[in-house]
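Remarks on the structure that follows.
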Amino acid sequence: MKHFPHLFSSARLGKVELKNRIIFGPHGTTLGHDGKVTDELVAYHEARARGGAGLTILESATVHKTYAYPKQFIYLGSDDCIAGISKLVKACHQHNCKVFGQLFHAGRAVRISTDGSQSVAWAPSEIPDERYRIVPRVMPNAMIYEIIEAYAEAALRLQKAGCDGVEVLAGMGYLVSQFMNPLSNKRDDEFGGSFENRLRFLAEILCRIRAKVGAEFVIGVRVSGDELDGLGLDAAAMLRICKALDEKPLVDYFNVIASSSATPFGWIRVFPPMEVEPLYAAPFAKEIKKNVGKPVILGGRINQPHEAESIIAEEVADFCAMVRPFIADPEFAIKAETGHSEDIRACVACNQACVGHRLAHFPISCIQHPESGRETIYGELIQAEYTKKVMVVGAGPAGMKAAIVAANRGHIVEIFEKSAQLGGSVLLAQQLPGREEFGGVASNLAHELQNTTATVHLNQEVTVQSINEFAADVVIFASGSVPRKAELDLDEKTDIVYAHDVLKYNAKTANSVVIADWRCDWIGLGVAEKLALEGCRVRLAVNGLVAGEQIQSIVRDAWIAKLNQLGVDIIPFARLFGSVEKTVFFQHTTSNEAIVLEGVDTLVVAHGYTSNTHLQDAMDGDKVETISIGDCIQPRSVEEAVLEGLKAGVSV
Ligand SMILES: Cc1cc2nc3c(=O)[nH]c(=O)nc-3n(C[C@H](O)[C@H](O)[C@H](O)COP(=O)(O)O)c2cc1C
Ligand code: SF4
44 MKHFPHLFSS ARLGKVELKN RIIFGPHGTT LGHDGKVTDE LVAYHEARAR
94 GGAGLTILES ATVHKTYAYP KQFIYLGSDD CIAGISKLVK ACHQHNCKVF
144 GQLFHAGRAV RISTDGSQSV AWAPSEIPDE RYRIVPRVMP NAMIYEIIEA
194 YAEAALRLQK AGCDGVEVLA GMGYLVSQFM NPLSNKRDDE FGGSFENRLR
244 FLAEILCRIR AKVGAEFVIG VRVSGDELDG LGLDAAAMLR ICKALDEKPL
294 VDYFNVIASS SATPFGWIRV FPPMEVEPLY AAPFAKEIKK NVGKPVILGG
344 RINQPHEAES IIAEEVADFC AMVRPFIADP EFAIKAETGH SEDIRACVAC
394 NQACVGHRLA HFPISCIQHP ESGRETIYGE LIQAEYTKKV MVVGAGPAGM
444 KAAIVAANRG HIVEIFEKSA QLGGSVLLAQ QLPGREEFGG VASNLAHELQ
494 NTTATVHLNQ EVTVQSINEF AADVVIFASG SVPRKAELDL DEKTDIVYAH
544 DVLKYNAKTA NSVVIADWRC DWIGLGVAEK LALEGCRVRL AVNGLVAGEQ
594 IQSIVRDAWI AKLNQLGVDI IPFARLFGSV EKTVFFQHTT SNEAIVLEGV
644 DTLVVAHGYT SNTHLQDAMD GDKVETISIG DCIQPRSVEE AVLEGLKAGV
694 SV
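Numbered per the numbering used here, the sequence shown spans residues 44 to 695.
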């Protein structure tokens, strides 16, 4: 029986035949160096090509020096880029996976820099957006023609490197869309004013590319079906643009998403976290598909093969572009095709190690699959030379990953968990409002563990005696952390509960609640949302610049949006100082001035976690080889836990 017959049918994009409808979508990886493709980037793409993608679209690459690019981005402005791209293309072609490039200029949307200093932002007109808040310099007419030519030259370099096609990033509020948008383009030359004039920049780019690369090479556009933010192009404007491009005809396909870099609302949807519903861009793709003759690609939160199958079967789009699903599981496509969909490690849209790393200018990875972006080190699991007896203490994310890797390398592994369930801290994290999907981290690891030879013991507390009796060659401690009870000078008449108890045991709070959030991570935000949803009046006092300061910015901003809707007051820079009955005192951390919050029925204290080291401490001096991983070294996030699990599993 053929699995997902629509998804795994071949189809053409322009003159190129793809073996299936699955595309590894365009995304910045920060795996480049000095503007060029590295061996790490080659290995990263080859892993997804081997994993069954029919096409990979490379990351947005800079075409012209007026968009200053950091060194880890790909720069197509000189022939130096060709050799690296060529290596990548050959690696993917070996697996019958086609390769397209993506051409990019950010226009006014410039915050990054090559050396720490602020570069000049160029745009069609002197109109800033809401995220970058830079009044851009107006592009002179001659510069516009120079940039158009640079797009064409860049496309030619991709062709010389062996790519099968190219797409122009014409959405998300970046330069091309700034030209098309009457709110950001007030020019009075041939590039501004009428619809045709505003479209001219893109139309000229596409014509010049075609002139350079000939008729066979595929040319597409990536558009935002709607920029969704009131400042950008809406669905009607975008549809008109797509129809015009289709009629000429200037493109071979439309790659549709829905987002913009111009406002926080639009930006959240560039990297949609779990708060954004799956397939959120589907209505826009469907409408465009109805109105154009060329194939349409849909991207954004297509997480499962059955979802992708229905998109094709129901003619919402002709192809599906998936990014994070492939970061989390490079074998996404091949598992679906061979009837092993249940083994797919589904992305949970947490944005931590992929988007989080990218926006911090580090190579991207995945919290569930730290091998991602590290293929040159961990791409191949090497069998152990000698089989060892390995005992893993604790079956949270760190322990499970260590057990999986060690068992897959041929060791005899037994993993012990004192509670009745696998998952550790993830089991609590998934209880935060709207974070159920995060539980996938635990269930995916548990499923992988089940597929190994490791033996799992639940409801078993490990002691020094049981460790000695087990007589392991190596003991891996992954015993996690416990809530930190900070010493506080608080009035005993103040009603106080701990955030952890509110989440885990539903500890009672009264109506007017103040949360003293010291860590500024998920817990403070989650407890605030939970209590506000339950009808409490909530004030969230955070010991930082902003609520959620420690967590990935897209996830944080999406969460702040929810708290804003629920009427939660956020008080920044607040250090918990003391209390007298229903009055709680904070100090402003920048001035030490008092912040007095009155009428507090319950004070909820969120003071982080501390490592659980009692077994390691008791074992001190024993001869058995031990390794500690995850929160029991220091409480951090699932990302570090799983990465350290991988490293431990590889090292034993
Ligand atoms: C780390 C990262 C970098 C991205 N960079 C780009 C990019 O360079 N060009 C682009 O068109 N989209 C970019 N995107 C957006 C993705 O192409 C895609 O639309 C988005 O991730 C939603 O799809 P997904 O749910 O399949 O991940 C990026 C996404 C991620 C996660
Ligand atoms: S880090 Fe999170 S969002 Fe990114 S690919 Fe992995 S699971 Fe998905």
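Backbone N, C-alpha and C fix where the C-beta goes; we use that ideal spot for every residue, glycine too.
Three-way DSSP call (helix, strand, coil) for residue i in this model
i: Gln137; result: coil
i: Trp561; result: coil
i: Ala553; result: coil
i: Gly467; result: coil
i: Cys390; result: coil
i: Gly309; result: helix
i: Phe616; result: coil
i: Ser160; result: coil
i: Asn298; result: strand
i: Arg367; result: helix
i: His76; result: strand
i: Phe629; result: strand
i: Phe222; result: helix
i: Ala166; result: strand
i: Leu50; result: coil
i: Ile66; result: strand
i: Glu428; result: coil
i: Arg265; result: strand
Residues of its chain near residue i, where Cβ-Cβ distance is below 7 Å and the 5 sequence neighbours each way are ignored
i: Val132; result: Val142, Ala204, Gly205, Cys206
i: Pro476; result: Gly569, Glu572, Lys573, Leu576
i: Gln473; result: Glu479, Phe481, Gly482
i: Ala445; result: Val435, Ile519, Ala521, Ile672, Gly688, Ala691, Gly692
DSSP bridge partner residues for residue i (one or two, in chain order)
i: Ala104; result: Leu146
i: Tyr87; result: According to DSSP, which records beta bridges pairwise, Tyr87 is partnered with nothing at all.
i: Phe520; result: Val436, Ser671
i: Ala649; result: Asp560
i: Tyr27; result: This structure cannot settle anything about residue 27, because the visible part of the chain is limited to 44 through 695.
i: Val585; result: Asp560
i: Ala351; result: Beta-bridge pairing links Ala351 to no other residue.
i: Lys539; result: One detail in the question is off: residue 539 reads as Ile in this sequence, not Lys. The partner list for Ile539 (beta bridge, DSSP) reads Leu646.
Residue i vs residue j beta-carbon contact at 8 Å
i: Leu56; j: Asp289; result: no
i: Gly442; j: Ser468; result: no
i: Ala542; j: Val648; result: yes
i: Ile672; j: Gly688; result: yes
i: Thr99; j: Phe147; result: no
i: Arg180; j: Ala164; result: yes
i: Asn224; j: Gly275; result: yes
i: Ala427; j: Ala497; result: no
i: Asn346; j: Pro321; result: yes
i: Thr537; j: Cys579; result: no
i: Val264; j: Asn298; result: yes
Residue i: CB within 7 Å of a non-hydrogen atom of ligand 2
i: Asn394; result: yes
i: Arg176; result: no
i: Ala371; result: yes
i: Ile410; result: yes
i: Val681; result: no
i: Val132; result: no
i: Val570; result: no
i: Val469; result: no
Same chain, Cβ closer than 6 Å to residue i, neighbours up to 5 away in sequence not counted
i: Gln395; result: Ile410, Gln595, Glu682
i: Pro307; result: Asp600
i: Asn655; result: Ser522, Gly523, Ser524, Val525, Cys675
i: Gly235; result: Asn228
i: Ile170; result: Ser227
i: Val598; result: Pro316, Asn394
i: Ser415; result: Ile370, Ser408, Cys409
Cβ-based neighbour list, residue i, same chain, cut-off 8 Å, excluding 5 preceding and 5 following
i: Cys250; result: Leu293
i: Asn494; result: Asp386
Residue i CB to nearest heavy atom of ligand 1 below 7 Å
i: Leu212; result: yes
i: His70; result: yes
i: Met365; result: yes
i: Glu102; result: yes
i: Gln347; result: no
i: Cys397; result: yes
i: Pro406; result: no
i: Gln115; result: no
i: Gly578; result: no
i: Ile300; result: yes
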